[in-house]
Every structure is written in C-alpha cells, then in structure tokens.
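See below for the structure under consideration.
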Amino acid sequence: MDTLKPDAANYQRLLKHYIAAQDEQSLYGAEQISKQFIQNNVPPEDIVNLHNQAMASLYSDMPAYFRHSMNFLLETMISYGVMLQEYHTLREEQSELKSEIAVAANMQDTLLKTTTPDMEGMDIGVISVPAHQMNGDYYHFVTGSDGLLGVAVADVIGKGIPAALCMSMIKYSMDSLPEKIMRPQTILENLNRVVERNVDDSMFITMFYAQFIPSGGTVRYSSAGHEPGFYFNAQQNTFEELEAKGLVLGVDPDTNYQQYERVLHQGDMLILLTDGVTECRQGDRFIESQEVLDVIGRFSHLPAQEMVDNVYKHFEWLQDFHLRDDFTLIVLKKV
Amino acid sequence: MDLTIDVTDADNQSTVWLSGEIDAYTAPQLKEALVPLTTSEGHQVIVDLEDVGYMDSTGLGIFISALKSAKEHNSSIRLKNLQDRVLRLFQITGLDDIFTIDTAIWGGNK
Amino acid sequence: MGLLSCVTINNEWDIVKARQLGRECARDVGFSTVDQARIATAVSELARNIYLYTDSGQLCFEQISHTEQKGMTLVSLDDGPGMDDISQMMEDGYSTSGGLGTGLPGVKRLVDQFDIQSEKGKGTEIRAVKWTR
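Those protein sequences? They're chains C, S and Z, same order as listed. Letter 225 of the first sequence, counting from 1, is numbered 225 in the UniProt record's numbering, and no numbers are missing. Letter 74 of the second sequence, counting from 1, is numbered 74 in the UniProt record's numbering, and no numbers are missing. Letter 11 of the third sequence, counting from 1, is numbered 11 in the UniProt record's numbering, and no numbers are missing.
Dropping the structure here:
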C-alpha cells in the first residue's frame with residue numbers, strides 16, 4: 001500500500017510528539033491521518049501494524065511484551081478489516097439500488113403523467129405527494145369532445161415499487177377503455193376484473209371515479225372501496241361525505257358497483273382524496289375527519305390549486321414534515 | 001410498529017389473539033401466522049382484534065389473502081371485536097360485506 | 001516446510017494446529033506480519049467450517065515458488081454434505097455461524113484468488129491463493 005508510506009512517517013512523527021507532550025495538537029493530527037486512512041481504505045490491522053513498527057522505530061529498547069501485545073491486537077483486528085470491506089461493498093450496492101429506484105420513479109412520472117384539464121366552468125386543483133420515492137397514489141383526468149370530464153383517484157395498497165407496477169397496469173387498462181362513453185360503474189367493473197386476474201393474493205386497489213357533465217352541473221360517481229370524498233355545498237356552507245359504497249378492486253371478479261349522481265351549483269366543490277390525507281397523525285394521535293374538513297374549509301375561498309397547496313402544507317407541518325403515506329387531494333369547484 | 005400474536009388451537013377451531021398495530025412492518029408476521037391456519041378443510045379460524053388499535057391497507061391485504069385461502073380450502077374465518085377505526089376500514093372498502101364480522105366494540109383510539 | 005503439508009481436522013484443537021502450520025508456511029514464503037495474520041485467520045475460518053459442518057477434512061498448504069512472485073495456496077478438502085447453493089453461502093452478511101466479517105465471503109476478502117467446488121452429497125474443495133506484495 002504505497003499511500004501508507006507518507007502516512008506512516010507522519011504517524012510516527014505525531015506519535016513521538018504526543019508521547020513526549022500529550023498535546024491536543026498531535027491528537028488533532030491523528031484525527032487528520034485517520035481520515036486519510038479511511039479515505040485510502042486502510043484496514044485496522046494495518047494501522048495496528050503501523051503503530052507497532054513506529055514504536056519499534058522510536059524505542060530500540062522496546063520490551064518484548066509490548067511487541068507481543070501488539071501482535072495479539074493485530075490478530076483481533078483482522079475480522080474488523082474484513083467487515084470494513086464488506087461494509088464498503090454494501091454501501092456501493094445501496095447506492096446502485098437508490099439510482100435504480102430514481103430511474104424507476106422518473107419513468108413512473110413520465111408514463112403516468114396526466115395534465116390537469118383547463119375546463120370552462122370548473123376550477124381544478126391537484127396535489128399528489130409520495131411518501132417515498134415512488135408514488136402509490138394514482139390520479140387521472142380525461143376530457144371528451146362534448147365537454148365531459150372524467151376523473152379517477154386510486155390508491156394501490158403497499159408502497160414503493162410493487163405498488164407502482166400495479167399502477168402502471170391500471171393506467172394501461174384505463175387507456176384501453178372507451179372511457180369517454182362509459183359510465184363510472186362500468187369502468188370500475190371492467191377494471192376490477194383486470195386487477196383480480198393480475199395481482200397477488202393480498203393486493204387490492206381502491207378507486208373513485210367521477211364524471212362531470214358541465215352543461216348541467218351533473219356529476220356521476222362510483223367508488224371501489226375508496227376513502228370517501230366530500231361534497232361542499234356553497235349555499236349552506238357545509239361539507240357532506242360522499243356516500244358511495246363498493247368493494248375494493250381485485251377481490252371478487254363478479255362484484256357490481258353502485259353509481260350515484262349529484263348536481264353541482266355555482267361555488268360547490270367536490271373533494272377527492274386518498275387515505276394519506278385522512279390517516280394523518282399528529283405525534284401519536286390520529287386526526288379526525290372533522291379536522292380534515294376544518295382545514296379544507298379554512299382555505300375554501302382560494303382558487304382550487306392554491307387551496308390544495310395550502311392544505312398539503314398544513315398537513316405536512318402537522319406531521320413534522322414526515323409523510324407516512326402518499327398524499328393526494330383533488331378539488332373540483334364549479335365556477 | 002409492534003404486533004403480538006397468540007394462537008390457541010382446538011380440534012376444529014383456532015383462535016388468534018392480536019394486539020398492537022398491523023401495518024407494512026407487522027403484516028408479514030401476521031400472514032405467516034394466519035394463512036396456514038386456513039388450509040385445513042372444515043377448520044374455523046377466529047381472529048380477535050380487540051387489542052388492535054390500528055390497521056392499514058397492508059393489514060387488510062393479509063386478511064384478504066386469508067379469506068381467499070379459506071375459500072380455496074373450504075375452511076372459514078371470522079373476525080370479532082373490531083375497534084371503531086379498524087371497522088371503518090372494513091366498511092369503507094366494502095370488505096365488511098365479505099367478511100363475517102362479530103360485534104364491534106366502540107371506543108376507537110384505545 | 002515441504003511443498004505440500006496438511007493438517008487433518010477432527011476436533012477444535014486441530015484448528016489451532018492448522019493456524020500454526022499456515023502461519024509458519026506464510027512466514028517461510030516471506031509474507032509480512034499482517035499478511036501472516038490474514039492467512040492464519042483465513043485458515044482458521046476454513047478449518048472451522050470443516051470442524052463444524054463435516055465429520056472430517058483436511059487443510060493443506062503449498063508454497064508457490066516457481067513463479068516470479070512468491071505466494072501460497074490454501075486448500076480445504078472435506079467429505080461433508082456439500083453445499084446446495086454456493087452463491088448464497090458467498091453472500092455478504094449470510095453466515096450460518098456469524099455475521100459480517102466471518103464465513104466464506106470473509107475468507108475470499110483475505111486472499112487474492114478464491115475458488116470453490118461443492119456438490120450436495122459430494123463434499124467441498126476450496127482453493128485460495130495469496131501473493132506476497
């Protein structure tokens with residue numbers, strides 16, 4: 001190890017000085033040399049050996065017992081040296097894995113990107129933040145030539161890569177459906193069959209699908225076991241949970257979905273979310289549904305996008321900037 | 001977080017007592033303990049969730065696995081004493097119509 | 001020390017004999033103090049595997065002096081159960097008798113060349129070579 005030689009001379013010089021003076025400066029020097037050793041991957045047994053040689057060099061009358069004791073210590077350090085090498089290998093592997101996940105996350109972003117439509121008569125705000133590198137929440141907008149707006153929100157159970165792969169499957173399935181003419185309940189029924197055939201025993205997906213017909217302000221929706229959204233009644237200034245019961249996707253291929261309908265008047269809002277919003281915790285305490293609504297209500301006078309951004313910031317702060325689950329919130333306001 | 005699992009076996013029946021939280025970390029443990037119990041034909045598996053204060057969707061996934069296994073092997077599974085929060089999860093997801101769930105206790109957050 | 005010398009490993013004390021013989025051989029070849037210690041540790045791990053997992057086996061040492069660079073070969077031979085999955089045994093952190101820093105992956109890091117032949121039911125042969133610097 002050639003890099004060891006200048007270090008060896010340095011080490012000996014500092015050692016000699018420290019033995020004589022026991023000064024802090026020499027110890028600081030030792031700290032610097034130590035960093036160099038680490039940078040050059042010098043294993044601990046080499047350092048013990050270096051010390052032994054330095055001492056032999058400085059003290060010709062070194063007692064045999066000291067030399068023996070250092071050799072004993074050297075043997076003890078060998079396994080530590082091996083472990084250090086393994087640590088380096090593991091760190092490299094970890095770094096590679098992180099890069100791979102970053103690539104996958106990027107691909108996911110590209111493949112699943114959906115643009116928030118600019119729709120007359122509707123103000124739309126969207127925020128979707130993953131808890132880790134890959135997002136297990138999925139949302140999707142589709143617009144028809146007759147002004148029809150379709151919106152889907154889904155939550156794939158599990159996190160990370162498996163959830164994201166599941167999501168790709170949903171996206172491609174939906175791409176192949178003539179969404180613009182299908183009713184929400186039919187869309188869910190179709191998806192359910194696809195999911196059930198293709199996922200693991202313990203996986204399932206929750207989804208909420210809504211279709212807006214802007215001309216009359218009607219919205220039709222169905223839910224597959226998804227976290228209930230809310231309807232905001234502008235005139236009464238009240239929130240109401242969107243009742244829409246249905247079985248999660250992927251469990252029973254023959255299940256049917258119920259479809260519901262509502263009329264939105266000016267100022268009314270439809271709020272869709274995933275359980276990353278309602279399962280927020282403040283420390284050990286779960287927040288209650290009412291609190292979620294209070295926060296949303298607080299920002300309801302703002303344009304939809306500002307509204308969701310502010311709501312997110314509040315919950316991010318509440319959880320100490322540490323999301324437990326992917327957070328998705330969509331607000332559709334009739335203007 | 002943490003999950004304790006106690007199982008008592010009788011002739012035709014096994015009772016599983018759960019305590020703690022069922023999430024992505026503890027779910028594998030639950031799967032390992034629960035699913036094998038459903039593989040004997042005619043066997044009844046009862047899961048008591050009285051002391052489960054929190055369960056997330058990964059936990060639900062495990063119960064779904066167990067239910068599917070029970071259907072496949074002709075055994076049965078029933079859940080009892082669900083806390084409010086946990087019951088709500090089964091209700092929202094529509095799984096309360098698929099699972100046999102006995103008396104929920106009221107109380108919520110422990 | 002001859003070209004090839006061996007130690008039969010039947011009990012734990014034989015591990016110590018193997019270490020000693022290995023270190024002496026290394027010294028004869030001209031390895032540094034630290035490398036002698038590394039070789040002794042590698043020998044120890046190999047001998048320990050024989051002791052723990054087989055009825056009996058041998059550890060042999062051979063000097064390499066015909067090449068420009070000097071070195072030493074360690075050979076571990078046993079009639080034990082053999083290994084099902086060699087790549088799993090060679091994974092860092094996987095060890096039936098320890099954790100990081102031990103086991104066959106550890107031996108591999110202490111030497112320069114490492115080769116293992118093992119078949120279930122047919123025993124194991126491990127050859128490790130270390131060169132002087």
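Glycine included, each C-beta is placed from N, C-alpha and C at the ideal position.
Asked: According to DSSP, simplified to helix, strand and coil, what is Tyr28/C?; Found: helix
Asked: Once you ignore the five residues that flank Val16/S on each side, which residues in its own chain have a CB closer than 8 Å to its CB?; Found: Ile5, Asp6, Val7, Ala33, Leu34, Leu37, Val45, Ile46, Val47 and Asp48
Asked: Can you pull the chain S residues whose beta carbon is under 9 Å from the beta carbon of Ile157/C, in chain order?; Found: Asp56, Ser57, Thr58, Leu60 and Gly61
Asked: Quick one: which chain C residues come within Cβ less than 9 Å of Ala37/Z?; Found: Glu45, Asn49, Asn71, Leu74, Glu75, Met77 and Ile78
Asked: Can you list the residues of chain C that Ile46/S reaches, using a CB-CB cut of under 9 Å?; Found: Result: empty, since nearest Cβ-Cβ is about 20 Å, beyond 9 Å.
Asked: Tell me which same chain residues have a C-beta within less than 7 Å of the C-beta of residue 396/C, skipping the five on either side of it?; Found: Residue 396/C cannot be examined here, being either before or after the span of chain C that is shown, 1 to 335.
Asked: Could you check what DSSP says for Ile187/C in three-state terms: helix, strand or coil?; Found: helix
Asked: At what residues does the alpha helix (DSSP H) containing His68/C begin and finish?; Found: Ala64 to Leu112
Asked: Just how far apart, CA to CA, sit Gly22/Z and Asp56/S?; Found: 58 Å
Asked: Would you list the residues sitting across from Thr4/S in a DSSP beta bridge?; Found: Ser19/S
Asked: Can you find the residues in the same chain that come closer than 6 Å, C-beta to C-beta, to Val75/Z, ignoring five residues on each side of it along the sequence?; Found: Cys60 and Arg127
Asked: Can you pull the chain C residues whose beta carbon is under 7 Å from the beta carbon of Gly94/S, in chain order?; Found: Gly225, Lys245, Gly246, Leu247 and Val248
Asked: Do we get a CB-CB distance below 8 Å when we pair Ser65/S with the residues of chain C?; Found: yes
Asked: Per DSSP, what kind of secondary structure is Tyr51/Z in: helix, strand or coil?; Found: helix
Asked: Hey, is Lys68/S's beta-carbon within less than 8 Å of any beta-carbon in chain C?; Found: yes
Asked: Would the beta-carbon of Gly94/S fall within 8 Å of that of Gly225/C?; Found: yes
Asked: Tell me, please, whether the CB atom of Glu241/C is closer than 8 Å to any CB atom in chain Z?; Found: no
Asked: Answer with yes or no whether the minimum CB distance from Val126/C to chain Z is below 8 Å.; Found: no
Asked: Quick one, which of Lys98/C, Glu179/C, Asn52/C and Ile296/C has its alpha-carbon nearest Leu148/C's?; Found: Glu179/C
Asked: For Lys98/C, tell me which candidate among Met119/C, Ile19/C, Met83/C and Gln133/C has the shortest Cα-Cα distance.; Found: Gln133/C
Asked: Please confirm if the region 40 to 56 of chain C is in contact with the region 32 to 45 of chain Z, defined as three or more CB-CB distances below 8 Å between the two stretches.; Found: yes
Asked: Candidates Gln22/C, Val311/C, Ala234/C and Asn40/C: which alpha carbon is nearest Asp7/C's?; Found: Asn40/C
Asked: Listed in chain order, which residues of the region 199 to 221 of chain C have Cβ atoms closer than 7 Å to some Cβ of chain S?; Found: Asp201, Ser202, Met203, Phe204 and Thr206
Asked: Using 8 Å as the Cβ pair cut-off and three pairs as the minimum, do the region 51 to 66 of chain S and the region 203 to 215 of chain C touch?; Found: yes
Asked: Would the region 60 to 67 of chain C count as touching the region 8 to 24 of chain C if we require 3 or more Cβ pairs under 8 Å?; Found: no
Asked: Taking the beta carbon of Asn11/Z as the centre, do at least 16 other beta carbons fall within 10 Å, making it buried, or is it exposed?; Found: exposed
Asked: Would you call the CB atoms of Leu77/Z and Met90/Z closer than 8 Å?; Found: no
Asked: From Arg38/Z to Ile38/C, what does the alpha carbon distance come to, in whole angstroms?; Found: 19 Å
Asked: Have a look at Gln117/Z and Ile86/Z and give me their C-alpha separation to the nearest angstrom.; Found: 9 Å
Asked: Is it true that the region 136 to 152 of chain C meets the region 167 to 187 of chain C, where meeting means three or more beta-carbon pairs spaced less than 8 Å apart?; Found: yes
Asked: With 8 Å set as the bound, which would you pick, yes or no: does the beta-carbon of Val34/Z sit closer than that to a beta-carbon of chain C?; Found: yes
Asked: Looking at Ser215/C and Gln185/C, is the spacing between their C-beta atoms short of 8 Å?; Found: no
Asked: Check the Cβ-Cβ distances between Val42/C and every residue of chain Z, and say whether any is below 8 Å.; Found: no
Asked: Using a C-beta to C-beta distance shorter than 9 Å, which residues of chain S count as neighbours of Asp146/C?; Found: The contacting residues do not exist; Asp146/C stays about 32 Å from chain S at best.
Asked: Does the Cβ-Cβ distance between Ile330/C and Val151/C come in under 8 Å?; Found: yes
Asked: Counting only beta-carbon atoms, is Arg127/Z nearer than 8 Å to chain C?; Found: no
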